[in-house]
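> Protein chains in written order, with our numbering: chain R, 12 to 278; chain G, 2 to 151; chain U, 22 to 207; chain Z, 74 to 354; chain F, 4 to 670. We treat Cβ as the ideally placed atom computed from N, Cα and C, and that holds for glycine.
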Amino acid sequence: MNNLIARAKELLENKIVQVIVGYEAGPTGVARPAFITNPAKADLLIYDERCVQNLAVYLTKPEVRNLGKMAIVATLPVMRSIMMLISEQQIFADNIIVLGVSSDGSLLDIADIKVMQAYIEKSDLGNPVKDRALLVELNKLSKEERFAYWQKELSKCIKCYACRQACPLCYCTRCTVEVNQPQWIPVQSNTHGNMEWHILRAMHLAGRCISCGECGRACPVGIPCHLLTMQLADEVHNYFKVYAGTSEKMSSVLSTFEPNDKESFII
Amino acid sequence: MSDFEPKVVAFVCNWCTYAGADLTGTSRIKYASNVKIIRFPCTGRIDFMLLLKAFANGADGIIVSGCHPNDCHYTSGNFHAKRRWIMFKELMDFMGVDMNRITFSWVSAAEGAKWADVVNTTVTRLREMGPYVSYRDLVNKSVEEEVKNE
Amino acid sequence: MAHSEHHTENNSLASNIEKSVEVKAQKCYQCGKCSAGCPVADEMDFPPSMVMRLLQTETPENDEKILRSHSIWLCVTCEMCLSRCPMEIDIPSMMDFLRQKSRSEKKVNKKAKNIIAFHKSFLNSIRFTGRLYELGLILDYKRQSLNMTQDISLAPKMISRGKLHFIPTIIKGTAQIGRIFKKTSN
Amino acid sequence: MKFGIYPGCSLTGSARDYNESVFALAEAFGLEFTQVPDWNCCGATAAHNLNKELSLALPARILALAEKNGLEEIIVPCAACYSRLVVTRHELKKDPELKNRISEVIEMDYRGTSKILNVIEWIDKYITPKLDEKLVKPFNYKVACYYGCLLVRPNKVLGYDRAEDPQTMDIVMRKIGAETIDYPSKTECCGAGLSISRTDIVSKLSGKIIEDAEHRGADAIIVACPMCHSNLDMRRPDINKYWKTDFKIPVLFVTQAIGLAIGLSPEKVGLKRHFVEVKIS
Amino acid sequence: MARIGVFVCHCGENISATVDCGKVAETIGKLKHVAYSTDYKYMCSDPGQTIIKDAIKEHNLTGVVVSACSPRMHEPTFRKACAEGGLNPFLCEMANLREHCSWVHEKNDLTTEKAIDIVRSQVEKVKLNSALQPIKVPVTRTALVIGGGIAGIQSALDIANCGHKVVMVERSPSIGGHMSQLSETFPTLDCSQCILTPRMVEVAQHPNITLYTYAEIESVEGFIGNFKVKIRKKAKSLDEKICTGCGLCTTKCPQKKIPNEFEQGMGMRPAIYIPFPQAVPNRPVIDREHCTYYIKGKCKVCEIVCPTKAIRFDQPDEILELEIGAIVVSTGFDIKHADFFPEYGYGKYKDIIDGLQFERLASASGPTTGAILRPSDGQVPKNIVFIACAGSRDPAKGIAYCSKICCMYTAKHAMLYKHKVHEGKAHVFYMDIRSGGKNYDEFVRRAIEEDHVNYIRGRVSTIYERDGKLIVKGVDTLLGAQPVEIVADMVVLATAGIASSGAEELAQKLHVSYDSHKFFAEAHPKLKPVETNTAGIFLAGACQNPKDIPDTVSQASGAAVKVAALFSQSELTREPLVAAVNRSGPPMYSTCVGCFLCQSVCPYQAIEREDFKTRDGKIIKTVAKINEGLCQGCGTCVALCRSKSIDLQGYSNNQVYAEVVALLNEY
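1) Taking beta-carbon pairs under 8 angstroms, can you tell me which members of the segment 55 to 85 of chain G lie near chain R?
2) For T247 (chain F), which three-state DSSP category applies?
3) Excluding five sequence neighbours on each side, which residues of the same chain lie with their C-beta closer than 6 angstroms to the C-beta of F19 (chain U)?
4) In whole angstroms, give me the CA-to-CA distance for A55 (chain G) and T41 (chain F).
5) What did DSSP end up calling H103 (chain F) once you bin it into helix, strand or coil?
6) If you reduce the DSSP assignment to three classes, tell me which class K26 (chain R) lands in.
7) Step through the CB atoms of chain R and report whether any lies within less than 8 angstroms of the CB of W134 (chain G).
8) Distance, Cα to Cα, M241 (chain R) vs G256 (chain R)?
9) Might you give, ordered along the chain, the residues of its own chain that have their beta carbon closer than 7 angstroms to the beta carbon of T413 (chain F), omitting 5 neighbours on each side?
10) Kindly indicate if chain F contains any beta-carbon less than 8 angstroms away from that of E284 (chain Z).
11) For the segment 27 to 51 of chain G, which residues have a CB atom closer than 9 angstroms to at least one CB atom of chain R, in sequence order?
12) Check D138 (chain G) in the structure and name its three-state DSSP category.
13) Measure the alpha-carbon distance for M22 (chain U) versus Q51 (chain U) and round it to whole angstroms.
14) Using only the alpha-carbon positions, how far apart do V41 (chain R) and L239 (chain R) sit?
15) Using a Cβ cut-off of 7 angstroms, pull out every chain Z residue sitting near K184 (chain U), in sequence order please.
16) Can you give the Cα-Cα distance for Q199 (chain R) and C171 (chain R), rounded to whole angstroms?
17) Between the segment 161 to 179 of chain U and the segment 132 to 140 of chain U, are three or more C-beta pairs nearer than 8 angstroms?
18) Under 8 angstroms, with one C-beta from each stretch per pair, do the segment 198 to 211 of chain Z and the segment 68 to 84 of chain U reach the 3-pair mark?
19) What residue range is occupied by the uninterrupted alpha helix (DSSP H) comprising N32 (chain U)?
20) So, for C194 (chain F): in the same chain, excluding its five sequence neighbours on each side, which residues have a beta-carbon less than 6 angstroms away from its beta-carbon?
21) So, are the CB atoms of Y217 (chain F) and P278 (chain F) less than 8 angstroms apart?
22) Please name the residues in the segment 5 to 19 of chain G whose beta-carbon is closer than 8 angstroms to at least one beta-carbon of chain F, in chain order.
23) Quick one: does P345 (chain F) have its CB under 8 angstroms from some CB of chain Z?
24) Given that N201 (chain R) touches chain G, what residues does it touch there, using C-beta distances under 7 angstroms?
25) Mind pulling the beta strand (DSSP E) runs of 3 or more residues that sit fully within the segment 109 to 190 of chain F?
26) Pick helix, strand or coil for W94 (chain U), following the three-state DSSP scheme.
27) Since P177 (chain U) is in the alpha helix (DSSP H), which residue starts that stretch and which ends it?
28) Is the beta carbon of R228 (chain R) less than 8 angstroms from the beta carbon of V84 (chain R)?
29) Nearest chain B C-beta to R105 (chain U) closer than 8 angstroms, yes or no?
30) Whether or not the segment 255 to 272 of chain Z and the segment 177 to 188 of chain Z are in contact is what I'm after, with contact meaning three or more pairs of Cβ atoms, one per stretch, closer than 8 angstroms; do they touch?
31) Please identify the residue among Z:K167, Z:F348, Z:G264 whose C-alpha is closest to the C-alpha of V97 (chain U).
32) Is R448 (chain F) buried or exposed, if buried means 16 or more other CB atoms sit within 10 Å of its CB?
If you want it as structure tokens, here you go:
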């Protein structure tokens with residue numbers, strides 16, 4: 012943590028970056044995002060087990076972008092998000108400094124994208140362990156049970172779109188839900204429309220989800236909607252042997268193909 | 002259930018399956034009249050949301066069909082579609098939506114007989130499965146939810 | 022209906038080979054490069070490319086010919102055929118399979134008697150001691166092949182050069198070796 | 074690093090000369106081996122001819138023993154054993170299910186972590202770098218390096234040298250002063266395991282190789298396999314009888330040639346045990 | 004307010020036999036927005052079309068649904084009729100009641116109900132149609148031909164003779180390609196150069212053709228009708244306008260030991276050279292890589308001897324920028340060389356040569372003036388072996404395909420040999436003889452029957468040298484795979500034809516796809532063998548796959564016709580059924596967020612970037628833009644776009660959505 016603060020200070024003092032995106036402790040002790048522009052305030056930065064939010068979501072927000080060149084405290088999911096955002100041309104590698112932190116909280120030396128790529132490649136890119144267990148449980152259920160499960164969960168959805176706001180890859184300036192010609196997703200919240208929204212969201216993240224679980228954490232009514240995108244992340248790996256966010260040149264699974272892609276259901 | 006006739010919508014590409022279904026016609030091969038075709042330029046054009054809309058509007062089953070791999074009029078639309086359907090199918094399975102109600106197939110412009118076969122087997126299967134009650138219930142219940150909210 | 026064959030259970034030798042050792046006989050386009058390079062082709066009743074052709078017919082008569090052939094026992098697994106095959110067909114693995122099949126179906130060619138006798142003696146020797154006991158191998162082979170006079174002049178010369186031992190080396194894991202033999206003897 | 078050796082059965086019997094030369098070389102270069110403890114026969118041709126599973130289980134036990142004893146690298150001087158061990162490792166790597174089955178058969182955990190070196194690879198890695206300083210008696214002969222089958226084929230599995238006209242042994246021999254000839258029989262088969270059961274075939278095939286080497290003016294044939302050696306050397310009387318001639322060209326193990334070049338005595342490298350007299354030294 | 008007209012066709016009895024057409028018209032007529040609905044026996048007949056035209060005027064229709072046969076049959080007919088009736092043709096849709104309904108179902112209520120559903124969905128769709136105008140793209144009527152072999156020559160001459168300008172670019176110093184190296188050609192055994200050189204000269208003299216030799220493509224941008232091409236003219240190190248081509252420099256050049264490419268390495272050439280006597284243009288170039296002056300800084304013998312003082316040592320490469328309307332790619336092929344075959348000695352035996360080398364040996368203008376002499380010692384080979392399929396049909400060597408030309412040229416080689424060495428023996432190892440073509444099989448039979456060439460069916464396992472002879476170990480598979488050993492003096496390998504070096508880089512510059520062997524890919528294997536998947540770029544000859552001269556020339560003429568057709572008008576008219584990325588005013592400009600995932604799904608490279616900038620040039624936003632000249636309207640980008648910022652004319656999101664709803668809901 013001290014290393015992190017020292018490095019942040021140095022970056023701000025030498026005007027290498029204008030803002031540090033990181034975590035600070037809120038009044039109740041809960042970690043919250045911090046946008047530090049003053050080197051004197053760098054001491055506020057923390058990094059510990061409380062810091063779980065995927066900060067990469069701020070990289071595409073105009074309010075943060077307008078602050079200038081940034082450095083970001085980056086856990087593995089943040090790094091993978093950054094890779095995705097670069098590959099989808101939303102941010103430029105030159106405009107960002109990555110303050111990588113390992114799972115034990117130590118500061119990593121991420122000199123450039125290549126180093127970051129090497130770090131990502133040797134990491135476990137599967138879904139988080141506790142989510143893996145949940146997925147296994149759900150996949151054990153019968154089709155009808157799963158249908159009932161999701162209906163029950165999705166009936167709680169209030170269409171607040173916090174899942175979308177929290178996701179670093181839901182950066183569209185206009186979302187499909189805001190299209191009314193035609194009205195793809197009903198405006199009101201009801202179980203059926205909610206389900207359509209969550210299918211849409213999961214499909215739009217197929218091959219792009221980097222398994223940070225932020226959508227699930229952001230949901231105010233506790234829908235485990237992250238399991239939908241994580242299930243697809245698993246399937247993407249099963250079918251196409253790739254994990255999202257592993258290189259800046261990554262091409263998206265759904266916008267590329269191999270002639271011999273295997274499936275067993277098309278007759 | 003014997004008098005149940007499923008409603009089936011077919012999403013097909015113009016160059017292979019639409020032409021293949023034309024050939025079924027010119028060959029006078031008979032098939033179940035439950036299916037109604039919507040023409041697309043290419044399977045690559047078929048948005049997965051349209052399939053959901055078909056179920057939402059009361060379809061009991063869906064057929065999606067296009068050119069065989071390597072035969073796409075646009076060289077690669079069907080390959081992209083294939084990946085899209087792989088993901089869609091896995092997601093639907095995971096959410097408990099009955100994928101037996103959707104038939105994915107490759108029917109070329111020369112496969113008039115195959116088209117009839119695809120339709121007939123799909124319709125036969127759907128007749129056995131019965132109306133898609135659970136999805137319809139979901140839609141109806143949702144309408145009620147809204148009424149209640151208002 | 023020509024197409025119905027597709028669906029019937031295919032029990033030809035070729036399909037057995039494909040299932041067991043993943044060698045596809047139908048890949049062979051009969052260029053004959055294997056036979057051209059095979060060191061023992063001229064001794065064989067069916068040179069390797071002919072074995073492939075017989076397999077491709079998938080008829081019981083030709084399958085029988087292969088299992089009863091001398092060729093499969095003459096193959097010395099030198100791997101020249103595979104190394105030069107334009108279709109990368111693993112003939113040596115296939116030959117191993119054919120030999121085992123020929124034996125299990127009791128169709129071994131009479132002329133191969135000595136070759137099998139030698140292999141059996143070899144395995145016998147290691148089955149009980151864990152290692153090859155060359156003198157034992159030769160004696161056991163003579164007993165099995167009834168070739169009493171063969172190599173009679175070789176032994177003394179070997180002995181004089183210290184190349185033949187009179188006492189076999191027995192390893193500690195002989196019991197384990199015995200179990201390996203047992204478990205693999207399906 | 075612990076440095077293992079799997080001698081194989083021949084080296085303890087009919088190929089004692091090879092064994093002696095390998096150990097003499099190691100000693101001269103200050104290298105020490107640990108034998109794979111309680112090793113068994115690899116099963117050779119007999120096993121894979123008659124029983125595929127056995128032909129994988131026997132080498133797997135050897136490899137498992139090596140792993141268990143922390144031998145990260147094992148040298149396998151016999152080309153036939155080398156081939157069986159590498160093929161086994163390849164097959165078990167390819168098919169995890171088979172690996173589990175074989176592990177169960179041999180009642181040992183097999184992981185496939187030990188590196189397997191053939192004799193030339195061993196020489197290249199440990200002898201060649203120090204060869205120049207030890208060279209006292211350049212091996213000034215014209216030699217035919219004979220690789221046979223099992224050192225180079227199947228090339229995709231072994232991944233060693235090139236399948237046609239291999240060069241590694243030639244390079245080593247040129248390093249000790251020999252002139253190597255280019256001849257097509259380099260990788261032809263000597264008849265291998267048919268030595269006893271079909272001596273006629275072995276005589277024919279081995280004779281062709283010897284004739285080719287003599288015809289092109291070689292003074293000696295250099296080998297790296299005890300089976301090749303016994304067919305070309307011990308079987309010489311049969312060969313000469315079959316071809317109605319009197320081939321005299323001696324057959325040396327590559328380790329013997331190197332041994333002579335660094336000044337070891339013919340006895341030390343086992344030359345006296347040959348059937349065909351080695352007049353060069 | 005939409006006013007839709009619906010016209011239900013009986014198609015004689017084809018539709019009305021099972022569908023109650025009257026009921027369809029009546030039911031549909033009751034729908035909201037349907038201003039007119041009728042049925043008629045033959046809608047496609049003149050009176051039928053008149054009904055439509057009249058109704059458009061009379062009822063002031065805003066859309067038409069013709070419920071008849073498949074749109075694949077009569078859509079153009081009815082769209083034309085609508086246009087004649089004063090309605091934009093793209094406001095007409097067809098409901099397929101014949102192929103998709105009446106012909107495939109029994110006569111009953113369900114069939115009629117289905118017909119009604121189909122018509123209704125088209126009514127709902129057509130309400131959302133927009134009036135579209137055909138897309139017009141200007142065309143620069145100048146063609147670029149890349150590669151000056153027989154394919155390029157033929158294409159260039161054909162296009163030029165149609166009256167269009169042609170720029171030909173050839174990377175070597177002379178045009179002529181591999182054909183200029185050949186001795187005689189099958190199946191007529193006429194001299195290759197005799198038939199080729201007049202055409203080479205014609206290219207050089209044609210008023211419509213501009214020839215750049217020793218030049219390569221630097222970059223290609225733009226699209227059909229509007230390519231911008233940069234060409235690098237490599238420095239020839241002499242002033243071509245002054246040089247008379249006397250050739251004195253080439254005889255005086257002290258550096259003479261450079262393997263001659265034209266002779267396939269079987270002869271030498273100087274550093275300043277004319278590749279062969281009939282070269283076009285017949286001017287030398289300096290090969291800077293081997294020239295003593297460029298290596299050591301002194302020599303300049305050529306400059307001293309040149310009577311017209313044409314040598315220019317400091318000449319730089321020149322970059323030309325050209326506007327091009329269409330491109331013909333005719334970059335030809337290469338062959339594998341003898342060193343590709345480990346089992347045949349990795350190329351270490353001098354007397355194992357490849358087919359092109361044999362062509363040079365047999366050529367009257369070649370290094371032996373046409374005598375068949377073996378390279379090692381110049382002796383006449385008495386026993387010669389030809390090996391077909393050397394490298395071809397050999398997946399283990401990475402080449403699974405048949406090179407197509409080898410069977411024929413091998414027969415020709417054996418024949419030429421027998422004609423020149425009467426007492427010699429010629430053997431051919433082959434796997435199959437593929438001699439499909441006019442007079443081709445007869446030609447092969449002649450080699451076997453009249454010239455007694457010994458054809459042996461089998462492959463050769465290995466070749467080695469012994470006592471100065473080549474031992475060829477093969478097999479005769481027709482004799483039960485009997486081993487065959489031939490003691491030969493010379494071996495000719497009919498090696499595989501492969502893609503020309505640099506083909507991959509060129510394909511990438513052109514944005515044209517290529518196969519795993521780096522051959523250029525045609526747009527459709529059967530029906531578009533001359534087109535590429537990039538509009539305006541066409542293929543000719545062996546750059547697509549190995550092919551013989553007649554096939555090459557046919558394809559070259561085919562490509563020329565495609566270019567001429569494109570150039571027949573000054574504007575290119577295209578159906579407007581293309582995709583578009585939405586646009587709006589600042590600060591949004593478009594709902595597109597610029598992820599450009601659509602770029603990789605587009606098979607036509609039709610998606611471009613558009614920057615929106617402030618007045619001082621700072622980029623505010625970059626979004627996708629569809630090039631209407633390139634888009635073919637597949638719509639794959641539309642389905643992929645997450646923000647629904649792309650839509651497809653004729654199959655818009657609104658339209659297909661409306662169709663789904665209409666098909667499933669009764670009104």
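With the given structure in hand:
1) A57, P70, N71, S77, F80, H81, K83, R84, R85
2) coil
3) Because residue 19 (chain U) is not part of the residues shown, which for chain U are 22 to 207, the question remains open.
4) 30 angstroms
5) It is helical.
6) coil
7) Checking the sequence shown, residue 134 (chain G) turns out to be Val, not Trp. No, its Cβ sits nowhere closer than 8 angstroms to a Cβ of chain R.
8) 14 angstroms
9) F389, A391, V431, A497
10) no
11) D48, F49, M50
12) helix
13) A caution first: M22 (chain U) carries a pLDDT of 38, below 50, which makes its placement in the model too unreliable to give a value.
14) 27 angstroms
15) One finds G86, S87, R89, R346 in chain Z with Cβ atoms closer than 7 angstroms to the Cβ of K184 (chain U), taken in chain order.
16) 11 angstroms
17) yes
18) no
19) No alpha helix (DSSP H) holds N32 (chain U); DSSP gives it neither H nor E.
20) E187
21) No, they are not a contact pair.
22) Answer in chain order: E6, K8, V10, N15, Y19.
23) yes
24) S143, E146, E147
25) 138 to 141, 145 to 149, 168 to 172
26) helix
27) 175 to 181
28) Not closer than 8 angstroms, so no.
29) Structure shown: chain B not included; protein chains present are R, G, U, Z and F.
30) no
31) Z:G264
32) exposed
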